[in-house]
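Residue numbers for the sequence shown follow my numbering, beginning at 42 and rising by one.
Glycine residues also receive a C-beta, built at the ideal position from the N, C-alpha and C atoms.
Model, not experiment: these values are computed from the prediction.
Below is one structure, written out as structure tokens, with a few remarks after it.
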Amino acid sequence: MTIAQRELEILRVKKASDFSELNEELKQHIQAEVVATVQAILEESLQEEVTAHLAELTTERPRRSGNYHRSLSTQYGHISQLAVPKLRRDNRQREWRILSRYSRCLTGLLDFAGYLYIMGLSLRDLQEALYLLMGKVLSPSAVNQVTLRVEERMRGYRQAQITQTPAVIIVDGVWVSIQYTLDQFKIDQAGHQRQCRQAEDRVILAATAVWPDGSHHLLHYQVSEQEDVGAWTAFFEEMIARGLDPQVVELVVSDGTKGLLEAMAHALPHAVQQRCVTHKVRGMEPKLTFEQLPEQDENGKDLTHAEAKDLRRFQIKQDAYAIYDAPSHPEALLKLQAFNDKWQPLEPDAVHTFNWGIKRTFEFYRLDPALHVLTRTTNFLERFFREFRNKADEIGAFPNETSCLILFFLVMQREHAKHGRLTVANNP
């Protein structure tokens, strides 16, 4: 289908919609004024960029040589004749900051389109969405710049050297569904032979650095088939290959994932595991038997059976969390003993589960007190994973691993920007 045919199709869809529109003449007038204003601002900015470039030169400065004209699509509309300043020489060697050479779309528009594409819009849907935004149908090659641009940024991030190693890292995994090609083939409705595809479960393993000032950033992530010894070993070895110093890592915060300790012994021999306190406390809940439930609350109000169970669940978890609020390890052990004395007669199974392997939940006390809250749970990664799952659930099964990793990268960038966190592995 040609661009002209696609534009006619989009216009038919637009005309059939129920959305009310401004008077067409008024709408076109407003659009023209907006585009003219954007063009004027861009042209002035380009002139300022050339002026700044000339000021930075230490050698003989070339003279200006008028302008050349090019088209440019922006999120505000299409500019058909953008005046771009030229110099008498070295135009090809100089890289623009505002414009990318040979690109017909403004960077902000490509970023916006990138989010739409990764959120699951097809190429045709993306053409339609951008047409409604800027009044011009982008060619498939122009839209393909979206995925190429984001993929390039993502690969650059994942391959960047780790030049400084944190003493503390938080690791966890989030499960996703990704489509993979099979050796089988099928005939589609048009009679064409197509290779069969099947969605399979995969886990994205991720590591977050925690720096002495309390700042975080995502250090590394990759797709694995399982959360086991081999997967975690390969994960750590990939970070080491990027520059992580295994001698510097002291603490690895995680949930109770299998295989992690063995992988740490191989790849991070000087590190100890800090079991996530949140996971430890939640692990009691399935073991609660709710024996000897209270009949009234602390204010003397009668409780239903369901209310009494909720109160028991809340109280035992509250007391468990309070253990880790102790300012020192010895004081935490005293609180643990008081917890056991109180709850062992009422909930023996839950208390036994809580105490199993509990020593690993106190490793954060070896750090500076200012880092205790940040390093005793995997909550930071868990919150990030929730944001990622919200987006991933809208897509369902990712068409390939690359699209999955790109979405992970985009959500990561958004989270870093929201909270003012660092975004590159070699710049803590």
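Residue i and residue j closer than 7 Å at C-beta
i	j	result
F426	I219	no
G232	W273	no
I210	V264	no
Q239	F226	no
V318	Y365	yes
V215	S295	no
R455	R316	no
A208	E278	no
D286	T206	yes
I399	M195	no
E249	H261	In the sequence as presented, Glu is not what sits at residue 249; that position holds Thr. Their beta carbons are not under 7 Å apart, which means T249 does not touch H261 by this criterion.
Separation of residue j from residue i, as counted between CA atoms
i	j	result
L422	M453	10 Å
F395	Q236	50 Å
W335	A349	This sequence places Pro at residue 335; Trp is not what is there. Computed Cα separation, rounded: 6 Å.
P327	V191	43 Å
Q356	G197	48 Å
A124	Q200	37 Å
L415	F331	32 Å
Q337	R354	15 Å
Y109	K127	7 Å
E303	L309	10 Å
H413	V251	11 Å
Q359	E388	15 Å
E87	R111	Contrary to the premise, residue 87 reads as Leu rather than Glu in this sequence. Using only the alpha carbons, I get a separation of about 13 Å.
E372	F405	14 Å
Q230	T443	28 Å
Y362	H320	11 Å
R283	C445	21 Å
M305	L375	30 Å
G118	H94	28 Å
L329	V392	9 Å
Residue i - DSSP class collapsed to helix/strand/coil
i	result
F355	helix
D269	coil
H233	coil
N431	helix
Y365	coil
R283	coil
E241	strand
A438	coil
T464	Residue confidence is low: T464 scores 38 on pLDDT, short of 50, so the model does not pin down where it sits. No coordinate-derived value is stated.
Y143	With a pLDDT of only 46 at Y143, under 50, the local geometry of the prediction cannot be trusted, and no value is derived from it.
P327	helix
L259	strand
A73	helix
I447	helix
G341	coil
Q333	coil
L246	strand
L87	helix
R111	strand
Q46	helix
T416	helix
R194	helix
T222	strand
A208	coil
L95	helix
D254	coil
L422	helix
Classification of residue i by the beta-carbon crowding that lies within 10 angstroms, buried from 16 upward
i	result
T222	exposed
S121	exposed
Q80	buried
T451	Position check: residue 451 holds Leu in this sequence, whereas Thr was assumed. By the 10 Å Cβ count, L451 comes out buried.
Q24	For the chain, the structure presents residues 42 to 469; residue 24 sits outside this window and is missing.
W384	buried
N468	Only weak support exists for where N468 lies, its pLDDT of 37 falling under 50; the value from the coordinates is given anyway. Exposed is the call here.
Y143	Low confidence applies here, because Y143 scores a pLDDT of 46, under 50, leaving its location unreliable; read the following figure in that light. Its Cβ having fewer than 16 others within 10 Å, Y143 is exposed.
R104	exposed
E435	exposed
I245	buried
H370	exposed
A96	exposed
T43	exposed
S114	buried
T204	exposed
R417	buried
R323	exposed
E169	buried
V289	exposed
T345	exposed
Y408	Tyr is not the amino acid found at residue 408; the sequence shown has Leu there. With 16 or more other Cβ atoms within 10 Å, it is buried.
Chain D within 7 Å of residue i, Cβ atoms only
i	result
L344	Among the chains of the structure shown, chain D does not appear; only one protein chain is present.
Runs of alpha helix (DSSP H) wholly within the segment 372-402 (minimum 4 residues, chain order) | Qualifying alpha helix (DSSP H) stretches, in chain order: 389-396.
What are the complete alpha helix (DSSP H) segments, minimum 4 residues, inside the segment 288-324?
-> Complete alpha helix (DSSP H) runs here, min 4: 301-308 and 318-323.
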